[in-house]
Structure formats: C-alpha cells, structure tokens
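Visitor:
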Amino acid sequence: MRTQVAIIGAGPAGLLLSHLLRLQGIDSMIVEARSRDYCENRIRAGVLEQGTVDTLNEAGLGARMQREGLVHHGIELLFGRELHRIDMTALTGGRSITVYSQHEVVRDLIAAALEHDQTLYFDAEDVSLHGLPSDAPHVTFKHRGVEMRIDCDYVAGCDGFHGISRASIPADVLRTYERVYPFAWLGILADAAPSKDELVYAHHERGFALFSMRSPSVTRLYLQCHPDEDLALWSDERIWAELRTRFENTSGWLPNEGHITQKSVTPMRSFVTEPMQYGRLFLAGDAAHIVPPTGAKGMNLAVADVRVLSQALAARYRDARTDLLDAYSRTCLERIWRSEHFSYFMTNMLHPSYDDTPFGNRMKLAELKYVTSSHAAAQSLAENYVGLPFAA
Ligand code: RFL
Ligand code: PHB
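Under the UniProt record's numbering, residues 1 to 392 are what the sequence shown spells out, in order.
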C-alpha cells in the first residue's frame with residue numbers, strides 16, 4: 001500500500017491529524033495497536049482548552065461537543081478549609097474551558113474517519129518503522145495474521161508514551177528531560193450528579209484531591225496516593241471517607257456520592273523529548289512529551305502539535321515548502337515547555353509531598369494564598385489554564 005502520511009496510533013493526536021490532513025487534501029493511513037472498542041472506552045482526560053474547542057469546531061468535529069460539553073468559566077482552589085474561586089473568563093478577557101471526555105472526542109473522530117473512508121487498521125501487531133532517514137520510509141505490521149507494508153512520504157508517530165515511534169529514533173539523536181513525582185492519582189468515576197458546576201482542586205495535609213465531572217450524571221474524582229498504591233486496599237467506603245476528609249470546607253459543600261463504576265491509579269510524570277523529529281518521522285502528543293494531569297494539558301498539547309504538523313505538511317504538499325516541517329520541533333516546543341512549567345507549578349503547589357519539609361509545605365500554602373489574593377497571580381494561572389492562543 002502507499003499513502004502520503006502513515007500515522008501510528010489512533011488516540012486524539014493520530015485521529016485528529018488524519019482529519020486535518022484530509023481537509024487539506026492529503027492522504028493518510030492510520031495503524032493502531034488496540035481495538036476500536038478499547039480506544040473508544042479508554043477513560044482519560046476531560047478538560048478542553050478554548051483553542052482545542054475552536055480547533056475541533058473549525059474542523060467540523062464539534063456538533064456533539066457543543067450539545068453535550070459543559071462550558072466552565074472558573075475553577076475553585078480549596079485549602080485551609082476555604083474555597084477560593086478563580087474567575088477564568090473575567091481574568092482572560094472572555095475565554096473558557098469545556099469539560100468533554102477524551103473518549104467522546106475519540107468516538108467523534110473515529111466516526112468522522114469511518115464516514116470519510118479513512119484507512120484505519122485497528123489491532124495491528126508488530127508495528128515497525130523503516131527507512132526513516134531516507135526519502136522513502138515504510139511501515140510494516142501484522143493485521144489478522146497478514147503481513148502488511150505501507151510506503152509513504154512521512155511517518156507521524158502519534159502512539160503515546162509507550163509507543164514504538166520515539167524508540168525508533170537512535171538514542172544519540174535525542175535528548176530527554178524527565179521528572180517522576182513521588183505520588184500518583186487514584187481516580188474514580190461515580191454515578192452521581194456533580195454537586196458543583198466547576199472543578200475543585202483541593203490541597204489538604206493528607207494529600208491532594210480533585211472534583212471533576214463527565215456529564216450531568218457522572219462525577220469524576222481523584223485522590224493523591226502512592227505510586228505503587230494497591231487498589232485492592234481501597235474499598236468504595238474508604239474512598240468516599242477520604243474524599244469527605246480532603247474536601248471538608250466551611251461552606252459545607254461536598255461531592256455527591258454514588259455507585260463507583262471505575263477505579264485506576266495514574267502515575268505522575270513530566271517528560272520532554274528534543275527534537276521531536278528525525279528524518280521523515282515526526283512525533284506528536286504523548287509520544288514526545290508527558291505532563292502530570294494537574295494542569296489538564298496533555299490532550300490539549302496533542303491537539304496543538306498536530307495543528308502545527310498538519311499546517312507544515314500542507315505547506316510541503318501545496319507549495320513545496322519544507323521550512324515549516326524543518327521548524328516543527330522548535331515551533332511545538334515553545335508551547336510544550338510553557339505547559340510543562342504550568343503543570344509542574346500546579347502539581348507542586350497542590351500536592352503535599354511525603355518528602356516535604358515543614359518549610360516546603362508552608363511554601364505551597366504561601367503560593368496558594370498568593371494566586372487566590374493577587375489579581376496578577378490569578379491572571380497568570382487563568383491564562384495558562386484556559387490555554388494560550390495559537391500563533392497565527
Ligand atoms: P494516546 O491517547 O496515548 O494515544 C496513543 C495511541 O497509540 C496506540 N499505540 C500504538 N499504535 C500502533 N503501534 C504501536 N506500537 C502503538 N503503541 C501505542 C495506543 O493504543 C493509543 O491508541 O496519545 P495522544 O493521542 O498523544 O493523546 C494524549 C492524551 O491521551 C493524553 O495527553 C491525555 O489523556 C492526558 N490527560 C489529560 N489531558 C488533558 O488535556 N486534560 C485533562 O484533563 C487530562 N486528564 C490525562 C488526564 C491523562 C490521564 N491518564 C490516565 C494518563 C487524566 C488522566 C487520569
Ligand atoms: C478530569 O476530569 O479527568 C481532569 C480534570 C482536570 C484535571 C485533570 C483531570 O486537571
């Protein structure tokens with residue numbers, strides 16, 4: 001088989017890239033290791049920046065998101081038993097975020113792909129990249145027992161943190177930056193109506209907690225835990241008791257409780273690869289960088305990367321220009337490092353750490369007091385949280 005761009009991975013990055021390329025008349029094929037059902041039900045992110053929402057709308061993918069997404073104009077920070085609201089819309093000249101599950105975005109993207117007869121191989125095995133430094137790369141894999149080969153002009157590595165694309169680049173070409181945090185998040189989904197219209201990020205001496213939501217009838221909650229936490233030790237009752245403790249506050253607000261339908265532990269990591277390209281291979285999304293989820297940036301960065309990549313590939317095919325492709329890494333890394341810093345800042349401020357000194361913990365409280373009392377500090381948090389505008 002032959003295509004212009006072979007895309008590895010059908011997460012938000014790979015699926016959106018194929019759609020944006022199709023809008024520019026560029027042909028692509030997607031190769032995904034997992035099943036369609038798995039991709040459509042993988043519970044992950046929930047917060048879309050304004051720029052992500054705009055990108056999906058402009059690409060004609062926003063109909064269901066506009067009906068079912070929940071637009072939020074602020075978030076609340078809870079510490080010292082008091083809730084403090086950050087009015088993001090007022091602080092950013094009218095910008096907002098939308099709560100709409102990543103797996104709903106993925107479902108919308110897969111539906112659009114199938115509607116347009118996008119070639120998409122689920123359940124691919126032994127995916128492997130060849131000839132990346134040459135002008136004629138190709139991808140091989142096994143599909144339903146048959147050996148497959150795709151010849152292409154470019155390969156987009158959109159296969160997440162554990163994929164094979166980044167690993168296909170010689171180690172001496174890459175520089176990686178990493179921080180692994182000494183804590184993780186225990187996340188649950190509960191059949192309970194959200195008891196508040198906005199997210200609550202709570203700093204408590206027993207650990208961080210986050211109140212979020214997925215729909216008018218589903219609440220999403222997280223508790224800071226140890227990276228090797230044993231979920232078997234967390235009965236539903238223990239989870240609710242810990243959430244009640246960490247969310248306790250003078251206003252009397254608490255999450256509604258209900259049947260827990262999903263539990264998982266997510267490790268926390270910051271990670272960046274430089275550069276994000278090698279020969280004809282371009283990395284996008286989690287394949288190139290990871291942020292801890294506290295800033296709600298991961299999926300938004302994946303969208304930002306593929307916006308840049310699709311524009312660079314369009315310039316290459318339309319005008320025979322390769323300068324935008326050459327600059328791909330540099331262009332993306334500006335936004336990535338900004339988001340890395342913001343996610344690191346939010347994570348450090350909101351999580352008491354097991355190895356913190358008493359002084360270190362008071363620094364976190366001092367920071368929380370500052371961002372909730374200074375207009376300038378609140379504005380800085382807000383503009384990062386809603387997401388900086390894309391370069392024209
Ligand atoms: P994905 O979604 O991991 O997709 C990669 C795809 O590649 C496939 N794959 C392969 N395919 C072919 N061959 C191989 N060898 C392959 N190896 C892997 C995988 O099966 C998969 O389908 O990466 P992508 O597209 O870059 O998207 C990134 C986002 O998924 C990620 O950044 C976010 O989920 C992070 N994240 C959040 N981001 C936000 O923007 N806002 C949030 O509120 C937010 N909350 C979160 C999060 C991530 C979380 N977890 C579980 C890590 C909350 C959590 C708990
Ligand atoms: C989520 O709803 O899953 C969520 C929300 C905000 C975050 C991270 C995750 O910062």
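All residues carry an ideal CB built from backbone N, CA and C; glycine is no exception.
Which runs of the beta strand (DSSP E) fall wholly inside the region 4 to 71 and span at least 3 residues, in chain order?
Guide: 5 to 8 and 28 to 31
Visitor: Could you check what DSSP says for residue 164 in three-state terms: helix, strand or coil?
Guide: What you label residue 164 is simply residue 164 of the sequence shown in a count that begins at 1. Coil.
Visitor: Decide if the region 160 to 177 is in contact with the region 185 to 201; the criterion is three or more beta carbon pairs, one per stretch, under 8 Å apart.
Guide: no
Visitor: Whose beta carbon lies closer than 5 Å to any heavy atom of ligand 2, going through the chain in order?
Guide: 46, 47, 212, 220, 293 and 296
Visitor: Identify every run of the alpha helix (DSSP H) within the region 325 to 386, keeping only runs that are complete inside it and at least 4 residues long; order them along the chain.
Guide: List check, alpha helix (DSSP H) in window: 328 to 350, 358 to 373 and 375 to 386.
Visitor: What's the call for residue 157, buried or exposed, on a 16-neighbour Cβ count within 10 Å?
Guide: If you number the sequence shown from 1, residue 157 lands on position 157. Buried, since its Cβ has 16 or more Cβ neighbours within 10 Å.
Visitor: Secondary structure at residue 170, three-state DSSP: helix, strand or coil?
Guide: Position 170 of the sequence shown holds residue 170. If DSSP states are grouped into helix, strand and coil, residue 170 belongs with coil.
Visitor: Quick check on the burial criterion: 16 or more other C-beta atoms within 10 angstroms. Buried or exposed for residue 305?
Guide: Indexing the sequence shown from 1 puts residue 305 at position 305. Answer is buried; the Cβ neighbour count reaches 16.
Visitor: Going by CA-CA distance only, name the one from 251, 234 and 190 that's closest to residue 259.
Guide: Working through the sequence shown from its first residue, we reach residue 259 at position 259. Measuring C-alpha to C-alpha distances from residue 259 to each of 251, 234 and 190 identifies 190 as the nearest.
Visitor: Let me know the beta strand (DSSP E) ranges lying completely inside the region 215 to 298, each 3 residues or longer, listed in chain order.
Guide: Along the region 215 to 298, the beta strand (DSSP E) occurs as fully enclosed runs of 3 or more residues at 218 to 225, 259 to 274 and 281 to 283, listed in sequence order.
Visitor: What is the DSSP secondary structure of residue 109, counted as helix, strand or coil?
Guide: To locate residue 109, count along the sequence shown from 1; it is residue 109. It is helical.
Visitor: Check each candidate in 96, 273, 294 and 248 and name the one with the smallest Cα separation from residue 469.
Guide: Beyond the ends of the chain as shown, which are 1 and 392, falls residue 469; an answer cannot be given.
Visitor: Apply the 10 Å Cβ neighbour rule to residue 221 and answer buried if 16 or more other Cβ atoms are within range, or exposed otherwise.
Guide: Taking the sequence shown and counting its residues from 1, one reaches residue 221 at position 221. By the neighbour-count rule (16 or more Cβ atoms within 10 Å), residue 221 is buried.
Visitor: Are there any heavy atoms of ligand 1 lying less than 7 Å away from the beta-carbon of residue 262, as far as the coordinates show?
Guide: As a working mapping, residue 262 is identified with position 262 in the sequence shown. No, ligand 1 has no heavy atom inside 7 Å of this Cβ.
Visitor: Relative to the C-alpha of residue 194, which residue among 314, 256 and 207 is closest?
Guide: Working through the sequence shown from its first residue, we reach residue 194 at position 194. Among 314, 256 and 207, the Cα nearest to that of residue 194 is on 256.
Visitor: Comparing C-alpha positions only, which one of 379, 251, 331 and 365 sits nearest to residue 391?
Guide: Looking up residue 391 in the sequence shown gives position 391. Nearest option by C-alpha distance: 331.
Visitor: Which runs of the alpha helix (DSSP H) spanning at least 4 residues fall entirely within the region 123 to 160, listed in chain order?
Guide: none
Visitor: Across the region 265 to 276 and the region 337 to 355, are there enough close Cβ pairs to call them in contact, namely three or more that are closer than 8 Å?
Guide: yes
Visitor: Going by the beta-carbon positions, is the gap between residue 301 and residue 329 smaller than 8 Å?
Guide: Position 301 of the sequence shown, counted from the start, is the residue given in the question as residue 301. Position 329 of the sequence shown, counted from the start, is the residue given in the question as residue 329. No, Cβ-Cβ distance for residue 301 and residue 329 is not below 8 Å.
Visitor: What does the alpha-carbon distance come out to for the pair residue 10 and residue 387?
Guide: Along the sequence shown, read from residue 1 onward, the residue named residue 10 stands at position 10. Along the sequence shown, read from residue 1 onward, the residue named residue 387 stands at position 387. Cα to Cα, the separation comes out at about 24 Å.
Visitor: Please confirm whether any heavy atom of ligand 1 lies closer than 7 Å to the CB of residue 159.
Guide: Stepping through the sequence shown from its first residue, residue 159 is reached at position 159. Residue 159: yes, Cβ under 7 Å from ligand 1.
Visitor: Would you kindly report the start and end of the unbroken alpha helix (DSSP H) that includes residue 90?
Guide: The residue given as residue 90 occupies position 90 in the sequence shown. It spans 88 to 91 - the alpha helix (DSSP H) in which residue 90 sits, taken as one unbroken run.
Visitor: Any heavy atom of ligand 1 within a distance shorter than 7 Å of the CB on residue 266?
Guide: On the sequence shown, residue 266 is found 266 positions in, with the first residue counted as 1. Answer for residue 266: yes, Cβ within range of ligand 1.
Visitor: CB of residue 234 to nearest heavy atom of ligand 1: below 7 Å?
Guide: Indexing the sequence shown from 1 puts residue 234 at position 234. No; taking the cut-off as 7 Å, the Cβ of residue 234 has no heavy atom of ligand 1 nearer than that.
Visitor: Where do the N-terminal and C-terminal ends of the beta strand (DSSP E) with residue 175 fall, by residue?
Guide: As a first step, residue 175 must be located in the sequence shown, where it is residue number 175. Where residue 175 is concerned, the enclosing beta strand (DSSP E) stretches over 175 to 191.
Visitor: Considering Cα atoms alone, identify which of 352, 153, 237 and 209 is closest to residue 3.
Guide: Looking up residue 3 in the sequence shown gives position 3. Out of 352, 153, 237 and 209, 153 has the C-alpha closest to the C-alpha of residue 3.
Visitor: Quick one: is the Cβ of residue 84 within less than 7 Å of any heavy atom of ligand 1?
Guide: As a position in the sequence shown, residue 84 is number 84, starting the count at 1. Set against 7 Å, the gap from the CB of residue 84 to the closest heavy atom of ligand 1 is not smaller.
Visitor: So does the region 88 to 98 actually touch the region 44 to 52, counting three or more Cβ pairs closer than 8 Å?
Guide: These segments touch.
Visitor: In the DSSP output, what is residue 99 paired with across the bridge?
Guide: In the sequence shown, counting from the first residue as 1, residue 99 sits at position 99. Partner(s): 47 and 70.
Visitor: Candidates 284, 83 and 311: which alpha carbon is nearest residue 25's?
Guide: Here residue 25 corresponds to residue number 25 of the sequence shown, with the count starting at 1. If we check each option's Cα against that of residue 25, 311 comes out closest.
Visitor: Taking the Cβ atom as the reference point for each residue, do residue 151 and residue 141 lie within a distance shorter than 8 Å?
Guide: As a position in the sequence shown, residue 151 is number 151, starting the count at 1. As a position in the sequence shown, residue 141 is number 141, starting the count at 1. Against a cut-off of 8 Å, the Cβ pair of residue 141 and residue 151 comes out as no contact.
Visitor: Quick one: does the C-beta of residue 12 sit closer than 7 Å to a heavy atom of ligand 1?
Guide: Mapped onto the sequence shown, residue 12 falls at position 12. Yes, since a heavy atom of ligand 1 falls inside the 7 Å radius drawn around the Cβ of residue 12.
Visitor: Counting only the same chain and skipping the five closest in sequence on each side, list residues whose C-beta sits under 7 Å from that of residue 262.
Guide: Residue numbering aside, residue 262 sits at position 262 when the sequence shown is read from its first letter. Answer for residue 262: 43, 188 and 189, listed in chain order.
Visitor: Nearer than 7 Å: is that true of the beta carbon of residue 386 relative to any heavy atom of ligand 1?
Guide: Stepping through the sequence shown from its first residue, residue 386 is reached at position 386. No, the Cβ of residue 386 stays beyond 7 Å of every heavy atom of ligand 1.
Visitor: Might you give, ordered along the chain, the residues of its own chain that have their beta carbon closer than 6 Å to the beta carbon of residue 119, omitting 5 neighbours on each side?
Guide: For the purposes of this step, residue 119 is taken as residue 119 along the sequence shown, with counting starting at 1. Here the set comprises 29.
Visitor: What is the rounded straight-line gap between the Cα of residue 308 and the Cα of residue 242?
Guide: Numbered from 1 along the sequence shown, position 308 holds the residue referred to as residue 308. Numbered from 1 along the sequence shown, position 242 holds the residue referred to as residue 242. When rounded, the distance between both Cα atoms is 43 Å.
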